[in-house]
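Q: Have a look at this one.
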Amino acid sequence: MAMLRRLVRSSPSLSYSSLIPPAFLISCRGLTTKLFVGGLSFYTNDKGLSEAFSQYGQVIEAQIVTDRVSDRSKGFGFVTFASEDEAHKALEEMNGKALNGRVIFVDYAKPKANYGGGMPIARGPPDPIKDS
14 MAMLRRLVRS
24 SPSLSYSSLI
34 PPAFLISCRG
44 LTTKLFVGGL
54 SFYTNDKGLS
64 EAFSQYGQVI
74 EAQIVTDRVS
84 DRSKGFGFVT
94 FASEDEAHKA
104 LEEMNGKALN
114 GRVIFVDYAK
124 PKANYGGGMP
134 IARGPPDPIK
144 DS
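If you're matching positions, the sequence shown starts at 14 in the numbering used here and goes up one per residue.
Rendered as structure tokens:
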């Protein structure tokens, strides 16, 4: 971080925000708001989702969730905005509207739940039940 400060001081045309990648700012400061978009057409792609929501503000990321096996859309996705105000406006305007022939519903995304993931732990056979 000290090197970053020296670099910015030595060159007046540089700023901290121009040197730090946007994804880093998003994760560290929580500057964005993520929306859940459900009821999507199977023909909607990431670009189409981004274009539909970009009229309400700066879209950082638009992602359609796909099935791992068939690589088909699961019918929902997420849109990340640069500010909470833009996300709130998009939620109000897009909820219940048609996109690619389907009525979509929009809500704030919930944080990911950690279910342990990975491989299950082998514990062996159950302990025998003792009679009282």
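For every residue, glycine included, the Cβ atom is placed at its ideal position computed from N, Cα and C.
(1) Take PRO138 and list the residues in its own chain whose beta-carbon comes closer than 7 angstroms to its own, dropping the five residues that flank it on each side.
(2) Which same chain residues end up closer than 6 angstroms to LEU112 when comparing Cβ atoms and leaving out the 5 residues on each side of it in sequence?
(3) Alpha helix (DSSP H) containing PHE66: first to last residue?
(4) What's the call for PHE94, buried or exposed, on a 16-neighbour Cβ count within 10 Å?
(5) Taking 8 angstroms as the threshold (C-beta atoms), are LYS47 and GLY70 in contact?
(6) By DSSP's criteria, ARG115 is part of a beta bridge. Which residues make up the other side?
(7) When the Cα atoms are used, what is the spatial distance from PHE55 to SER86?
(8) Just to check my reading of the structure: GLY88 and GLY61 have Cβ atoms closer than 8 angstroms, yes? What is that Cβ distance to the nearest angstrom?
(9) Could you spell out where the alpha helix (DSSP H) holding LEU104 opens and where it closes?
(10) On the DSSP bridge list, what partners appear for LEU48?
(11) With VAL116 and VAL92 assumed to form a contact (beta carbons below 8 angstroms), what rounded beta-carbon distance in angstroms separates them?
(12) Can you name the start and end residues of the beta strand (DSSP E) that VAL72 belongs to?
A: Working from what's here:
(1) Residue mapping note: residue 138 aligns to position 125 of the sequence shown, counting from 1. Excluding sequence neighbours, PRO138 sits near nothing in its chain.
(2) Locating residue 112 in the sequence shown gives position 99, counting from the first residue. Counting only Cβ-Cβ distances below 6 angstroms, and skipping sequence neighbours, we find ALA65.
(3) Residue mapping note: residue 66 aligns to position 53 of the sequence shown, counting from 1. PHE66: member of the alpha helix (DSSP H) spanning 59-66, first to last residue.
(4) Within the sequence shown, numbered from 1, the residue matching residue 94 stands at position 81. With 16 or more other Cβ atoms within 10 Å, it is buried.
(5) As a working mapping, residue 70 is identified with position 57 in the sequence shown. As a working mapping, residue 47 is identified with position 34 in the sequence shown. No, they are not a contact pair.
(6) If you number the sequence shown from 1, residue 115 lands on position 102. The partner list for ARG115 (beta bridge, DSSP) reads LEU112.
(7) Translated into positions along the sequence shown, residue 55 becomes position 42. Translated into positions along the sequence shown, residue 86 becomes position 73. Cα-Cα distance, rounded: 5 angstroms.
(8) Taking the sequence shown and counting its residues from 1, the one referred to as residue 88 is at position 75. Taking the sequence shown and counting its residues from 1, the one referred to as residue 61 is at position 48. No, GLY88 and GLY61 are not in contact; Cβ-Cβ is about 14 angstroms, not under 8 angstroms.
(9) Residue numbering aside, residue 104 sits at position 91 when the sequence shown is read from its first letter. 97-107 is the extent of the alpha helix (DSSP H) around LEU104.
(10) On the sequence shown, position 35 is the one that residue 48 refers to. Beta-bridge pairing links LEU48 to VAL92, TYR121.
(11) Position 103 of the sequence shown holds residue 116. Position 79 of the sequence shown holds residue 92. So it is not a contact: roughly 17 angstroms between Cβ atoms.
(12) Within the sequence shown, the letter at position 59 stands for residue 72. It spans 72-79 - the beta strand (DSSP E) in which VAL72 sits, taken as one unbroken run.
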